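Trainee: Sharing a structure with you now.
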Amino acid sequence: MTLSAQFSRFAIIGAAGFFVDVGVLYLLRRYGLDLYSARVFSFIAAATFTWMGNRLFTFRTASPASRRLTTEWFLYLGAMTTGGLVNYGVYALLVTLFALFRGHPWLAVAGGTGAGMLINFLFARRILYRAA
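Anchor point for the sequence shown: position 79 equals 79 in our numbering, and the numbering is continuous, going up by one each time.
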């Protein structure tokens with residue numbers, strides 16, 4: 001698969017993960033969590049969703065069959081940490097500094113997602129699902 005096709009698939013899964021992220025964020029906000037705590041949990045939910053989607057759709061030919069799913073999930077979360085920190089940092093900065101983003105946190109999630117996506121793709125492709 002070409003690099004552009006692989007990145008396109010990664011972006012599609014990421015877009016679906018964005019909706020998981022926003023949905024969990026809004027659900028947890030409804031139950032009283034603040035914007036920052038709720039985002040930690042929504043990010044983990046979205047990362048879990050994108051891990052499975054990328055495993056089955058984007059990197060299916062590179063997914064190591066010999067690796068336990070729980071091990072791969074932890075490795076994926078570890079590989080996504082840098083992009084996740086960029087993602088969360090942009091989100092937190094936006095909701096802290098701008099009333100627009102506090103009132104519509106999905107916009108801040110979108111900003112954070114965009115900021116972390118390229119980093120996450122490179123880590124997934126080069127570290128977790130590198131070609132044999």
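All C-beta atoms in this analysis are idealised placements derived from N, C-alpha and C, irrespective of residue type, glycine included.
What you are looking at is a predicted structure, and each value in this text was computed from that prediction instead of being measured.
Taking 8 Å as the limit between beta carbons, can you name the residues of its chain near Thr2, skipping five residues before and five after?
Mentor: Correct list: empty, nothing qualifies.
Trainee: In terms of residue numbering, what span does the alpha helix (DSSP H) encompassing Ala16 cover?
Mentor: 3 to 30
Trainee: Can you check whether the CB of Pro105 is closer than 9 Å to the CB of Leu35?
Mentor: yes
Trainee: What is the DSSP secondary structure of Met117, reduced to helix, strand or coil?
Mentor: helix
Trainee: Could you check the C-alpha separation between Ala124 and Leu75 for me, to the nearest Å?
Mentor: 10 Å
Trainee: Classify Tyr31: buried if its beta carbon has 16 or more other beta carbons within 10 angstroms, exposed otherwise.
Mentor: Tyr31 counts as exposed, since fewer than 16 other beta carbons sit within 10 angstroms of its beta carbon.
Trainee: Check this for me: beta carbons of Asn87 and Ala115, under 9 Å apart or not?
Mentor: yes
Trainee: Roughly how many angstroms separate the alpha carbons of Leu27 and Ala38, rounded to a whole number?
Mentor: 9 Å
Trainee: Taking 9 Å as the cut-off, decide whether the C-beta atoms of Trp73 and Thr50 are in contact.
Mentor: no
Trainee: Can you tell which of Ile127, Phe7, Leu107, Leu56 has its C-alpha closest to the C-alpha of Phe18?
Mentor: Leu107
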